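Asks: In my numbering, each number is its position in the first sequence, counted from 1, plus 901.
Just so you know, even glycine gets a beta-carbon here, dropped at the ideal spot from N, CA and C.
Note that the structure is predicted; figures quoted are calculated from it, not measured.
Dropping the structure in here first, questions after.
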Amino acid sequence: MSVRVRFAPSPTGSLHIGGARTALFNWLFARRHQGTFILRIDDTDLDRSSEESYRSILRSLEWLGLNWDEGPYLESERLELYRRAAEKLLVEDKAYLCYCTPEELAERRREAQAKGLAPMYDRRCRYLTPDERSRLEAEGRRPTIRLAVPDTGTTVVSDVIRGEVAFDNATIDDFIIVKSNSMPTYNFATVIDDHEMGITHVIRAEEHLSNTPKQILVFQALGYELPVFAHVPMILAPDRSKLSKRHGATSVEEYREAGYLPEAIINYLALLGWSPEGEEEIVPLETIISQFSLEKVSKNAAIYDTKKLTWMNGHYLREGDLDRITRMALPFLQARGLVADPLPDKNYPYVRAVVEAVRDRVKTLAEVADAASYFFTEVTEYEEKGVRKFFARPEVVDLLQQAKERLQELEAFTMETTEKTYRDLAAELDIPAGQLIHPTRLAVSGRTMGPGLFEILELLGKERVITRLEQAIAWIRENIKGADGESN
RNA sequence: GGCCCUAUCGUCUAGUGGACUAGGACGCCGCCCUCUCACGGCGGUAACCGGGGUUCGAAUCCCCGUAGGGCUACCA
C-alpha cells in the first residue's frame, strides 16, 4: 500500500516553525516512501479562520519547497461528507443530539471544578425521552451532536514514536462532533477526512496525542480502518513555554524577511527532533530524504535555538550558488534603496560581484545588504573607532596621499596591481603594509572591517577609489587636529 | 484537579545493559591562519533530574518522587 500523508493546518495564523517542522516531517516521509503528500486546510472554525492566514501558510510552504501532491482541500467545502457521517452515527445510536447551551455547560463545568471534580459532560441528553426532546426543541435550542462514548474499556493508541499509549474510556467525554452551527469539530472532521483521503500515516504534533483516543473512537464508530499514528514532539520557546508571538520571530515568514534561506531552515528543522546517521550537521536534502524515518524521531520536546539556525544560514549563504544567492539578496538591497528596482541587466554583474565579496562574512541576506552599502552609495561618515585608530595618526594624510598618487598611475586597476602597488610602497617606506591598508579601507568604505582591501578596490574601480581617498584626506585635514604635518 | 507524554552539556542531539574516561553540532573561551572582519584548522569549557530497586554490571530496564509539556472548548 502506498504511503499517503497529510499536513492539515488551521488557517488561524501564519505558519510557525513548529507547524513547518510537522509539514516537513510529513513531506520527508512521503518523499522517502514515494508516497503522496496532501495539503488540507482544517478551517472548520468559522470565527478564527482567515483568508490571509490561508494564503500566508501556502506561501510559506511553497517558499520552503514543501510542495504538495494533492490539495489544498478545504474542510469547509466538504461539509456534506461530515453531515452524512454524523447522520449515520445518529441513526445507529452511536451519537446523540445534545441541547445544552454553551452557557449551561460552562456553568456546570465551573461547578464541577469548584467541587474538585473532573469537568466532564454529564451525558444528560444521552437518554432524552421524545417528550423531553420536543420540549427542548420548542425552546428553540439548536442542538449539537455528541458521540456516545463507551464508559468502560480502554482505547489504545499505537504510536510509532511513543509505543502503545492506553486511555481509560471512562476519562473520555461524550465530546461534541458537530457544533450547533452544523460545522463539524476537529476531532470529527479530521477522522472522516483522513479516512476519505486514504491517509495511511497521521504524523502530527504531540499536542494531538491526547485527542487521538477520541478520534479512534470515531474511527471505530464509523467502521473505518485506523491509520498509523506518529506524534512528533513539540517545539518550545526558549523559556520552555509554548511558542507564541511574544517570543520574537516564530513564523516562517518572519525568518524569510530577516534574510534566512529556505534550505537552512529545512536543514535546521530536520535536525530538531530527528537525527541522521553520521555526525555531520549540514545535511543535503537528498540525504535527509533517503535517511528519514519516524523511528528515529526523538520523544522529547525541543527548544529552538536561533543561534544554530543562524550559523547554518551563514553556511548556506557562503556555499550556495552565487546567482541564486544574488537573486535572493536583491530584494534586501532594493529595500534599502541601494540598487534600482527592477535592476537593469547591465548592473547585475556588479551586484553579483559585490554579493560574492560580502557573503563570506555575514549570516543573513539582510546582513549582506548591510555589509554591501558602500558599494552602492557614497561614504559619508567614518566609523568612530577606526577614525581614532587609523585617521588620528599624524603621518596618515601623507600616507594616503602617496598611495593615491601611486594608484592614479595604474593602467590596469585590479586586485593584483593595487596590491603590488601597496606592498611596494610599504616596502619603500619601510612600514608594515597594514599601516597603509587599514586607513585606506576606512577611507573607501567608512568601515574597519569587510572584504580584503584589494577586492574592494577592484570592485569600486579606480575613479571611485581616488575620489574617496581625496575625500578622506580632506576630511582628516578638517577634523583631526595636527593631522597635516605642515599645518602646525 | 483528572488523564497522557517527556527527562543526557546553556541549546539541538548520539547512545537501545559491558565498546562511556558519555560522542557530535551550535554557543562561549584560547591558539593558528591573516590587511581588518569573517571562513577554516586545532584545542578547551560543559550533561546522564533525585531516590529506590533489577543485574556480576545501568545513561540505558522497573518503581516512586520532582520538573517541564500536552489534553481536559460548540479551537485546531
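1. Considering only C-alpha positions, which residue in the set D1325, S1083, L1162 is nearest to G1221?
2. Locate the beta strand (DSSP E) running through L1326, then write down its first and last residues.
3. Is P1085 buried or exposed, if buried means 16 or more other CB atoms sit within 10 Å of its CB?
4. Roughly how far, in whole angstroms, is the beta-carbon of L1311 from the beta-carbon of T1341, given that I think they are within contact range, below 8 angstroms?
5. Along the chain, which unbroken stretches of the alpha helix (DSSP H) at least 4 residues long are found entirely within the region 1200-1272?
6. Can you grab the Cα-Cα spacing for the pair A1375 / A1328, in whole Å?
7. May I have the straight-line CA-CA distance separating T1322 from R1253, to the nearest angstrom?
8. For P1134, count the other beta carbons within 10 Å of its own beta carbon; 16 or more makes it buried, fewer makes it exposed. Which is it?
9. To the nearest angstrom, how far is the alpha carbon of A1071 from that of Y1125?
10. Quick check: what's the CA-CA separation for I958 versus L916?
11. Measure the C-alpha to C-alpha separation of E976 and S911 and round it to an integer number of angstroms.
12. At the level of alpha carbons, what is the spacing between R1034 and P1128?
13. State the start and end residues of the unbroken beta strand (DSSP E) segment that holds F1130.
14. In this structure, how does DSSP classify H934 when only helix, strand and coil are distinguished?
15. Within the continuous alpha helix (DSSP H) that includes I1377, where are the two ends?
16. Taking a contact to mean a Cβ-Cβ separation below 9 angstroms, would you say V1280 touches G1179 in this structure?
17. Using 9 angstroms as the threshold, is the C-beta distance between Q1309 and L1330 below it?
18. On the premise that V1269 lies in contact with V1256, defined as a C-beta separation below 8 angstroms, what is that separation, rounded to the nearest angstrom?
19. Assuming R1289 is part of the beta strand (DSSP E), what are its boundary residues?
20. Helix, strand or coil for S1388, going by three-state DSSP, please let me know.
Replies: Answer, in terms of the structure:
1. Counted from its first residue, the first sequence places residue 1221 at position 320. That would be L1162, whose Cα lies nearest to the Cα of G1221.
2. Here residue 1326 refers to the residue found at position 425 of the first sequence. Counted as a single uninterrupted DSSP element, the stretch harbouring L1326 is not any beta strand (DSSP E) but the alpha helix (DSSP H) occupying residues 1316-1330.
3. Counted from its first residue, the first sequence places residue 1085 at position 184. Flag for P1085 reads buried.
4. Position 410 of the first sequence holds residue 1311. Position 440 of the first sequence holds residue 1341. About 14 angstroms; that fails the 8 angstroms criterion.
5. The qualifying runs are 1207-1220, 1223-1236, 1249-1259.
6. On the first sequence, residue 1375 is found 474 positions in, with the first residue counted as 1. On the first sequence, residue 1328 is found 427 positions in, with the first residue counted as 1. Approximately 26 angstroms between the Cα atoms of the pair.
7. As a first step, residue 1322 must be located in the first sequence, where it is residue number 421. As a first step, residue 1253 must be located in the first sequence, where it is residue number 352. If I take the Cα positions, the gap works out to 26 angstroms.
8. Taking the first residue of the first sequence as 1, we reach residue 1134 at position 233. By the 10 Å Cβ count, P1134 comes out buried.
9. Taking the first sequence and counting its residues from 1, one reaches residue 1071 at position 170. Taking the first sequence and counting its residues from 1, one reaches residue 1125 at position 224. Put simply, the backbone Cα of A1071 is about 22 angstroms away from that of Y1125.
10. Mapped onto the first sequence, residue 958 falls at position 57. Mapped onto the first sequence, residue 916 falls at position 15. Straight-line measurement puts the Cα of L916 at about 5 angstroms from the Cα of I958.
11. Counted from its first residue, the first sequence places residue 976 at position 75. Counted from its first residue, the first sequence places residue 911 at position 10. Straight-line Cα distance between these residues: approximately 10 angstroms.
12. Within the first sequence, numbered from 1, the residue matching residue 1034 stands at position 133. Within the first sequence, numbered from 1, the residue matching residue 1128 stands at position 227. About 37 angstroms.
13. Residue numbering aside, residue 1130 sits at position 229 when the first sequence is read from its first letter. For F1130, the enclosing beta strand (DSSP E) stretches over residues 1129-1133.
14. On the first sequence, residue 934 is found 33 positions in, with the first residue counted as 1. In this structure, DSSP gives H934 a state outside helix and strand, which the three-state scheme calls coil.
15. Here residue 1377 corresponds to residue number 476 of the first sequence, with the count starting at 1. Here the alpha helix (DSSP H) through I1377 covers 1363-1380.
16. Looking up residue 1280 in the first sequence gives position 379. Looking up residue 1179 in the first sequence gives position 278. A distance of 9 angstroms or more separates the beta carbons of V1280 and G1179.
17. Start at 1 with the first residue of the first sequence, and residue 1309 comes out as number 408. Start at 1 with the first residue of the first sequence, and residue 1330 comes out as number 429. At the C-beta level, Q1309 and L1330 stay beyond 9 angstroms of one another.
18. Counted from its first residue, the first sequence places residue 1256 at position 355. Counted from its first residue, the first sequence places residue 1269 at position 368. Between the beta-carbon of V1256 and that of V1269 there is about 6 angstroms, and that keeps the pair under the 8 angstroms contact cut.
19. As a first step, residue 1289 is located in the first sequence; it is residue number 388 there, counting from the start. Run containing R1289: none; DSSP gives neither H nor E here.
20. In the first sequence, the residue the question calls residue 1388 occupies position 487. For S1388, the predicted structure reports a pLDDT of 40, less than 50, and the residue's modelled location is therefore unreliable. The matter cannot be settled from this model.
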